[in-house]
Each structure stands twice: as structure tokens, then as C-alpha cells.
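Below is one structure; the comments refer to it alone.
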Amino acid sequence: MIQSPIPSKKPPITGARPPKFNFWTSLGTTLSVAILVASLFTFWTPASLFSNRLSESLAKAVNSKPAPAHSLPTQTLYAAPHIGLVSGHWGEEKPGFVCPDGTKESDVNLEITTLVRQKLVEQGYSVDLFKEFDPNLRQYRGLLLLSIHTDTCTYIDDSATGFKLASSLYSDSNNSKIQRISACMIDRYSATTHLSFINLTTDDMTKFHGFEEVNTDTPTLVMEPGYLNLDRDLLTKTPDLVAQGIVDGLLCYLKNQPMIATQTPALMP
């Protein structure tokens, strides 16, 4: 039997076979690249790439030098000093005194107190406005707390005109801050409004309920800027003047302004 010879093995393929050249494929690729390049030059010409604004910005960026660290200002945050104002009878069902024509003490108090707050804010102070019964009064701490009320509409006699001022029964009567505030308020308010100071206090003033809630570090006072009877026109027709008189007194204390020696109120009834 004659056996067929065993075919020899082919050598292994060591590399990929180079692709055949295709003329039409190469032409399409070339045209695509040409169109893309032409589009880029159409939209991004040197004029649009380097406009005046961009050129100036690049020039500034290149020529500018970073400021040395020691020349940069240091930002310091200061806490704004707080002042507390209580608008008498605001937020209560009972508005305080009600005059025969319907004028309510609470409305008069709120208008005056709001103006005081506005004027103090303009002076750079942070002012908190409180209602008569306000939970935020608990342990309130500030430069001072002033409660503003107006006196009765009822005619008493011709001497029932003027303003009253008293500190809290819970405050130290020898507290130099309270004495200074009281003296400033009397001096400036009387000078601005031409009302006389009435050195008379009541338990409602010295034992004002909100005073015992406030932090003991906060000087507390209550003021009645006039009567809703004989001082009615001043209180209702010129509330801005009344507010200015109160602000003048507070600024006298807050800015430690010079003051002519004047009468100070009785701190205890």
C-alpha cells in the first residue's frame, strides 16, 4: 500500500495582514476632514478669537501680579449692640387706656415705639421690638430694655401733664448704668418735647411684669412719655417728635454724651 505524504505545516502568522487600499474610502475621509477644518476657520477667525475684550483680559492676566498676602485686609466681624423695646399693651386683648373717641393706648404706644426703633436702627443699632407679653423677654440680654406706655385719657387736673420714668424694682437702685440712663432720658426728652418730668412712680411701673424675666445684667426702665389727655396732641399728632426725644435720651447714654446735671427719678415708689 502506497501511503500519501504528510503535508508540511504552514508557518504561524506573526502579524496582521495589512488592509487593502480602498480609493473611495480614503477620498471620503479626506473630504470629511477638509469640511471640518473649513467650518472651524469660519467660526473661529482670529478676529473673533482675539476680540478687544478678550485681548484686554488676557493682557491684564499676564501683566497683573498677585498681591502679597500681608497686604490683604483682615475681615473682623463685630456683634451689633442690641437694644430692647417693649410696646406697652401690644398683642394684648385689652389695649390699655381707651379714650372716648376710640383712641387706644396700645396703638399710640406702638406707633411711638416703632419710630424709636427705626431711628435707632438708622444709628446703627440692632433693636428688638417686643410685645407686652413676649416669650423672647426671658433672659433677654442687651444694652438696655425700655418699656413704653402712655398715661390715662381721663382728666385729672391741670397738673396732669408731663412724662414719667422709673427703673425696675428688681434692679439695683445704685446701678450707675440705670442712673446714667435715667438722667440722660430726663435731660434730653424734656429738651426735645418741652414736657416736664414728673418724679412719681407706681407699682405698675417699677414692678412691670416683664422686668423680672430679663437677664439681671440688662438695665430695665419703663417710660410714660405723656398723658393721653392734656398731652394728647403731642402724642398723637407729633409722634415723631416724641420718638426723637426718647432716642436723644438713649443716645446720650449709649454714646456717653456730655449732659447738664439734672433731676433723676425716684427708683423706688
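Positions in the sequence shown are counted from 1; adding 40 to them yields our numbering.
Glycine included, each C-beta is placed from N, C-alpha and C at the ideal position.
Note that the structure is predicted; figures quoted are calculated from it, not measured.
- M245 places its beta carbon less than 8 Å from that of A206.
- According to the DSSP secondary-structure assignment, M263 is paired through a beta bridge with I188 and L205.
- Counting only residues of its own chain and dropping the five nearest sequence neighbours on each side, E264 has a CB closer than 7 Å to the CB of H189, T190, D191, F203 and K204.
- Between the region 167-180 and the region 125-133 there are three or more inter-stretch CB-CB distances shorter than 8 Å, so the stretches are counted as touching.
- Taking a contact as a CB-CB distance under 8 Å, the pair L160 and V287 counts as one, their CB atoms being some 6 Å apart.
- Between A223 and the set L294, K144, E253 and E145, the nearest pair of CA atoms involves L294.
- For the pair Q163 and L281, the CB atoms are not nearer than the 8 Å cut-off.
- Between L274 and T233, the C-beta spacing is below 8 Å.
- 8 Å or more divides the Cβ of T276 from the Cβ of V156.
- Beta-bridge pairing by DSSP links K144 to V138.
- Within its own chain, the residues whose Cβ lies closer than 7 Å to the Cβ of I221, once the five positions on either side in sequence are excluded, are L184, P259, L261 and Y293, listed in chain order.
- Taking every protein chain shown into account, the CB of P140 has fewer than 16 other CB atoms within 10 angstroms, so this residue is exposed.
- Per DSSP, the unbroken alpha helix (DSSP H) holding D288 starts and ends at P279 to L294.
- In this chain, the beta strand (DSSP E) harbouring D168 covers S166 to F170.
- Listed in chain order, the non-local C-beta contacts of S127 below 6 Å within the same chain comprise N149, L150 and T153, local neighbours out to five positions each way being set aside.
- Of the residues S146, R228, F137 and T194, the one whose Cα lies closest to the Cα of Q297 is R228.
- If you draw a straight line from the Cα of L240 to the Cα of R181, it comes to about 27 Å.
- One Cα belongs to D271, the other to D197, and the distance between them is close to 12 Å.
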